[in-house]
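Chains as they are written, first to last, in the UniProt record's numbering: chain A, 1 to 329; chain B, 1 to 513; chain C, 1 to 359. We put the beta carbon where it would ideally sit given N, CA and C, even for glycine. To keep things clear, I will list the structure first and then write my remarks on it.
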Amino acid sequence: MSSAALTLGRIRSRVPRRQVPVLATLALLLVMYGIGVSQYRAFSNVQVIFNVFIDNGFLLVVAVGMTFVILTGGIDLSVGAVVAMTAMVSASLLQQGLPALLVLVIALLIGPFLGFLMGCAIHFFEIQPFIVTLAGMFFARGMCTFISGSSIPITDGFWTTMSQQRIGDPRGNFVSISVLIAFAVVAIAAWTLAYTRLGRNVYAIGGNPQSALLMGLPVGRTRIAVYTISGLCSAIGGILLSFYTLSGAPLIAVGMELDVIAAVVIGGTVLTGGSGYVFGTMLGVLVLGVIQTLITFDGSLNSWWTKIVIGGLLFAFILLQRLVGIRFK
Amino acid sequence: MTESRPVLTMTGISKSFPGVRALQHVDFRLFPGEVHALMGENGAGKSTLIKVLTGVYDTDEGTVTLAGETVSFAGPMQATAAGVSTVYQEVNLCTNLSVAENIFIGREPRRLGAVRWGEVRRRARELLARLELDLDVSAPLGSYSLAVQQMVAIARAIDVRARVLILDEPTSSLDAGEVAQLFRIMRQLRDEGIAILFVTHFLDQVYAVADRITVLRNGQLVGEYPSADLPQLTLVEKMIGKELEVLEDIEEQPRREIATLEEGTPLVGVSKLGRSGAVEPFSLTIHAGEVVGLAGLLGSGRTEVARLLFGADRPDRGEVAVDGRPSGLRTPAQAIGHGIGFCSENRRAEGIVADLSVRENMILAMQAARGWLRPIPRRRQDELVERYVKALQIRPADPEVPVRNLSGGNQQKVLLARWLITEPRLLILDEPTRGIDIGAKTEIQKLVAQLSDGGMAVLFISAELEEVLRLSHKVAVMRDRRMVAQLANDDSLDADRVMQTIASGSPREEAKR
Amino acid sequence: MTDTGSRWRAVTGHRLFWPVAVLVVMLAANTIYRPGFLSVEVNDGHLYGTPIDILRLSAPLILVALGMTVVISTGGIDLSVGSVCAISGALACSYISQQPDQNSLAVVFTALALGFGIALVLGAWNGVLVAVIGIQPIIATLILMVAGRGLAQLITEGQIITINSEPYRAIGLGHVLTLPLAVFIALAAALLVAAFTRRTALGMIIESVGGNSVASRLAGIRSGRVVFLAYVLSAACAAVAGFMITANVSSADGNAAGLWIELDAILAVVIGGTALAGGRFYLSGTILGALIIQTLTTSVYAMNISPQTSLLFKAVVVIAVCLIQAPAFRARLTRRRRGTPTNPTSPPSQARQKEEVPA
């Protein structure tokens, strides 16, 4: 029978190769958590997990935006600077006495607008994303110090409420509002990627941009959209960071883009694009958070080990991606 | 079926590009329920015709009518919407997405903005069932073979209620079994009333599946024939053309004599060299001073033979012996070490380094062989370059201009010089005269003759039979990725006999050799 | 008349014209703003003044940018140079700080050898990832960019190591023949790199690989080796820059040393006329690019604007340079200049409208 011959034509095994990196990340996370629990009694406290989320909520949101960009095969180096700029703008406007709601709206518009401009430059002038977002990073970081050379405290009531509000169970475990916002962003992003045309186009462009164009997909619009989304996520991340620190500082979140990229890659998203999940990115952020927590718990290891371990994991996962051969080339 | 009205007619189509008249008053008809093969050699105008049809290019002259209405598409997407779908040679799908998604992406059924995945999968299964394909529609497309991917591309194309399906060389990377699958589907779609325009270079396939054949040559319509009425030999003649219009300018050279070349150890002895999917194993000997011509239609495996011999592609079986000793040749660098040079047919992508100067392009291969630590002294470079600029009459004669500023013919000469400087023992020339002006062409032909007289072996690949016959001592004939014959270029060999061999796959007078 | 016209065109058409013009304009603007800007005075047998400062401070950037030029020419990029600066500087300083006699020349040279050695190892690591394993350069070097900072801090144990070594300090602040030693080091490095690439065939082979890797392979070039070498060279340059940066302040800070220098270096390379896609490279252009960046930073300092704000100017420069280099932008510009109307409705968008009719 002819169809039998064709089923034989399926050359790879049924093991879902695309899921291998995500599964590896999950396994890694569980192992790390297991080590933590076995070594330190306090680690088994649920609040430890909650704290990882509280400390990394903004990172998670920014990483979600980066996931969109990397899925198309691009990169966004501006995220850290946009986070800082958003926090600075908020702090500065609040200091000038603007109402909290207006400040929120303005702060949330700047990031996406910058992202939109960068997306346009990348699409219309065919300049590498790396360079365009590098310029965006310079610009945003320059804006920070342009606004103020030093840290601006935030005393606004809304901000302090958001910062201090604890949502918890009767046993005293709690999360902050930021964590809920981060979860909402993750959920919306996951839905967008899985169920909307925009999301599917993101995957198609990452898989093969020429094919996507020939299949009639709106490549340019999608590409501009992902940088706008990344800008929006960075802006939300900046707001969350300002909730967390209750200030805007010009040099905060320096080098954050590296952590974000690392989290996305460790979360199983392929840097060449086309394969990965928001859920994986969340796992990646958790891995980074748990590493930090472990190192803090240990006490004898120093903070720089975090970077070395992240670099090592980055290497391991990039190698894994190559070995699994999920580039589908 | 010929009685029905054509679904598509193209009348008096002309299209010019700067310096080229790609199509001149070409007519073309396509009936519902037929497989129509569009045949022609390189530059015949096949792809231009398809691009005019699908709206990639505007026409200069002529009209296209689809189902009685005059149409002019702004682009492939619009053509698809009107029922003219194209499946390209390289599968233009996203292998990272699932089979179902590849069929429906961009037009997924949605509810409240959300893609209805269940519906997508159900419809994909239905559609594939119609093509008698049993696939796991939620598996990534990349987990299936190229043939299956090709068929998924067809499924995507026909889902938009296609009336006309254009298959642009769909079989070039499929094996025999896969081709049979594809043909089954093509016949089925034909029986459903879809008009299929089929472009291929494989003669057997044309006769296996096509009802009608249209032949183009040099941008002109040669004719439209029912395939039953067109013998293979006639088809090949019509494609290649017997007119020797350009040859008048070239002074007649005596036919090359084999003389005593075939004695002693061959310079290069190829035994059963092959690469699956590219060319079937072939054997060939080349002696010093011998010009071996490689004839065959476009896509017959000419270039693949050259690339394997040079190590540009890694052979998966067979061996190349140099001077009678196994060479273990696997990379271009090794080939160059054995005194082999290779001028690719793809000048721009695989030949010149556009940024670099004429001088640097010329000495590149020699420098590569010496290694970067032993630069060629500048004075020696200048000597070499000056000699070849003069000998090959390269214009402009300034060796310091970037090679990108030169014309195609002069770039080709620069590449020739690159290899001549290395003083190779075997020079492989893949279409060295294509796309260059007639003067440069004659010069290159003369040069090949001179080189061979000087003891260099040449493997000469060309689509022009006359050229191959004029230069070669021996002609190897390729057909459908196989080397079907090696003919001594004696008095009995002429273009007709080579064409017969291409058409039938065997030389009738093989016994002579 | 026509002669001067064509000569003018020949001058403006020269690839170094725009970088030089920008540098001159910046210097002129500074001089107008602060007339003493260009003045140089002799003090204690050494030359002092803003131009000398610019030269001295740009030396590390020139070094890093030289290596970066070669890497970019192969079609790659090296993001790890900042980390390599920090690691080499940290290792050298930490070795010196542990010795009893920090002023001994032998100690300093051993320290330099250590720092240089580790840079070669790191460069080889990058080279293996890119040339042997085949990971995209931007990703391969990102690994070391992340982990390298941690390694540097590991060496300094998170402290800022302060040393008290006159010979080492001289690398950054010493004077020779009235000029800062750093200027001579940068100059020597430039000459060395130039000799290494232009006196051998390495430069041409690198340009060939970066310009057309397929054609290069068919011409018999084994590109792996030269690409590997490029990354090693880049790391070696970064190491020397790292010595200079740490010597300037006589201390090693694993976090701050060489921070963002990779980005400045890429910028310098691009300003200098080397295309990011690879191919032809221009060492002299790169040096000019580095001088422009340092002049910009110094001017911003001089105008009492915070150094971070100079990033705003850098952003403008990056975008301007990239736009000028981008073929798509040039095409648009020339089309507009010729007055032919650009196609307002692109065909794909029209077609899309049609496609979105419910399937």
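Original post:
Is the stretch 126 to 143 of chain C touching the stretch 224 to 231 of chain C in the sense that three or more CB pairs, one from each, lie closer than 8 Å?
Top reply: Yes, they touch.
Original post:
So what does DSSP say about B:Tyr-144, is it helix, strand or coil?
Top reply: Looking at B:Tyr-144 - three-state DSSP - the assignment turns out to be strand.
Original post:
Which partner residues does A:Ser-150 have in the DSSP bridge list?
Top reply: Under DSSP, A:Ser-150 takes part in no beta bridge, so it has no partner.
Original post:
How would you list, in chain order, the residues of chain A whose beta-carbon sits under 9 Å from the beta-carbon of B:Val-115?
Top reply: What B:Val-115 touches in chain A: Ala-194, Tyr-195, Thr-196, Arg-197, Gly-199 and Arg-200.
**OP:** Using the Cα positions of A:Ala-87 and C:Trp-18, report the straight-line distance between them to the nearest angstrom.
**Re:** Taking the Cα positions, A:Ala-87 is about 38 Å away from C:Trp-18.
Subject >> Boundaries of the alpha helix (DSSP H) in which B:Thr-433 is found, first to last residue >> reply: Where B:Thr-433 is concerned, there is no enclosing alpha helix (DSSP H), given that its DSSP letter is neither H nor E.
**OP:** Spell out the partners DSSP gives B:Ser-98 in its beta bridges.
**Re:** Answer is B:Pro-140, bridged to B:Ser-98.
Original post:
In chain order, what residues of the same chain have a beta carbon less than 6 Å from the beta carbon of B:His-36, not counting five sequence neighbours either side?
Top reply: For B:His-36, where only same-chain residues beyond five positions count, the Cβ hits under 6 Å are Leu-30, Leu-197 and Arg-212.
Subject >> Burial state of A:Leu-262 (16 or more Cβ within 10 Å) >> reply: The sequence shown places Ala at residue 262 of chain A, rather than the Leu named in the question. A:Ala-262 comes out buried.
Original post:
Can you tell me the Cα-Cα spacing of C:Ser-223 and C:Glu-166, whole angstroms?
Top reply: Looking at the two C-alpha atoms, the distance is approximately 43 Å.
**OP:** Could you list the residues in the stretch 83 to 107 of chain B with a C-beta less than 7 Å from some C-beta on chain A, going in chain order?
**Re:** For the stretch 83 to 107 of chain B, the set of positions with a beta-carbon nearer than 7 Å to some beta-carbon of chain A reads Asn-92, Leu-93, Cys-94, Thr-95, Asn-96, Leu-97, Glu-101, Ile-105 and Gly-106 in chain order.
Subject >> For C:Val-84 and C:Ala-238, believed in contact at Cβ under 8 Å, the rounded distance >> reply: Right, the Cβ-Cβ distance comes to about 4 Å (below 8 Å), so this counts as a contact.
Original post:
When you compare each of C:Arg-332, C:Val-240 and C:Tyr-301 to C:Leu-112 by their alpha carbons, which one comes out closest?
Top reply: Among C:Arg-332, C:Val-240 and C:Tyr-301, the Cα nearest to that of C:Leu-112 belongs to C:Val-240.
Original post:
From B:Met-362 to A:Tyr-227, what does the alpha carbon distance come to, in whole angstroms?
Top reply: Their Cα atoms are separated by approximately 45 Å.
**OP:** Ignore the nearest five residues each way along the sequence and tell me which others in B:Arg-125's own chain have a CB closer than 7 Å to its CB.
**Re:** Contacts found: Val-137.
Subject >> Any 3 or more C-beta pairs closer than 8 Å across the stretch 140 to 154 of chain C and the stretch 248 to 260 of chain C >> reply: The answer is yes - the stretch 248 to 260 of chain C touches the stretch 140 to 154 of chain C, with three or more Cβ pairs under 8 Å.
**OP:** Residues of the stretch 337 to 365 of chain B with a CB closer than 7 Å to any CB of chain C: list them in chain order, please.
**Re:** Residues Phe-342, Ser-344, Ala-349, Glu-350, Gly-351, Ile-352, Val-353, Ala-354, Asp-355, Leu-356, Glu-360, Leu-364 and Ala-365.
Subject >> Collapsed DSSP secondary structure at B:Gly-293 in the structure displayed >> reply: If DSSP states are grouped into helix, strand and coil, B:Gly-293 belongs with the strands.
Subject >> Inter-residue spacing [alpha-carbon to alpha-carbon] between B:Thr-48 and C:Gly-203 >> reply: About 41 Å.
**OP:** May I ask you to list the residues that DSSP assigns as paired with B:Gln-220?
**Re:** Partner(s): B:Arg-217.
Original post:
To the nearest whole angstrom, what separates the beta carbons of B:Val-291 and B:Phe-104, a pair I think is in contact under 8 Å?
Top reply: The beta-carbon distance between B:Val-291 and B:Phe-104, rounded to whole angstroms, is 55 Å. This is too long to meet the 8 Å contact definition.
Original post:
When you compare only the Cα positions, how much space is there between B:Asp-191 and B:Gly-33?
Top reply: Their Cα atoms are separated by approximately 6 Å.
Subject >> Listed by chain order, chain A residues near B:Met-77 by CB distance under 7 Å >> reply: By Cβ distance, chain A contributes Gly-216.
Original post:
Is it the case that the Cβ atoms of A:Ser-151 and A:Gly-248 are separated by a distance below 8 Å?
Top reply: Contact: yes.
Original post:
Of all the options C:Ser-250, C:Gly-117 and C:Glu-41, which has the alpha carbon lying nearest to the alpha carbon of C:Thr-178?
Top reply: Ranking C:Ser-250, C:Gly-117 and C:Glu-41 by Cα distance to C:Thr-178 puts C:Glu-41 first.
**OP:** Determine which residues share a DSSP beta bridge with C:Asn-43 and list them.
**Re:** C:Asn-43 is bridged by DSSP to C:His-46.
Original post:
Run through DSSP, which three-state label would B:Ala-459 get?
Top reply: The amino acid at residue 459 of chain B is misidentified as Ala; the sequence shows Leu. Collapsing the DSSP output to three states places B:Leu-459 in a strand.
Subject >> Chain-ordered chain B contacts of A:Ser-38 [CB-CB under 9 Å] >> reply: The premise fails here: A:Ser-38 is roughly 38 Å from chain B at the closest Cβ pair, so nothing lies under 9 Å.
Subject >> Amino acids of chain C, ordered along the chain, whose beta-carbon sits closer than 7 Å to that of B:Pro-226 >> reply: Chain C residues near B:Pro-226: none, gap ~36 Å exceeds 7 Å.
**OP:** Please name the residue, chosen from B:Gly-177, B:Gly-351, B:Asp-430 and B:Gln-149, that lies closest to C:Gly-211 on a Cα-to-Cα basis.
**Re:** The shortest C-alpha separation from C:Gly-211 is found at B:Gly-351.
**OP:** Determine whether the Cβ of B:Gln-412 lies closer than 8 Å to any Cβ atom of chain C.
**Re:** No, B:Gln-412 lies away from the interface with chain C (no Cβ there is under 8 Å from its Cβ).
**OP:** Would you mind sorting B:Phe-17 into buried or exposed? The rule is 16 or more other CB atoms within 10 Å of its CB.
**Re:** By the neighbour-count definition (other C-beta atoms within 10 Å, threshold 16), B:Phe-17 is an exposed residue.
**OP:** On a CA-only basis, which of B:Val-268, B:Thr-303 and B:Gln-367 is nearest B:Ser-327? Give me that one, please.
**Re:** Nearest neighbour of B:Ser-327 by Cα position, chosen from B:Val-268, B:Thr-303 and B:Gln-367, turns out to be B:Val-268.
Original post:
Does the Cβ-Cβ distance between C:Gly-67 and C:Ser-234 come in under 8 Å?
Top reply: Yes, the pair counts as a contact, with Cβ atoms nearer than the cut-off.
Original post:
Three-state secondary structure (DSSP) at B:Glu-280?
Top reply: It is a strand residue.
Subject >> Reduced DSSP secondary structure (H/G/I, E/B, other) of A:His-123 >> reply: Shown here, A:His-123 sits in a helix according to DSSP, grouped into three states.
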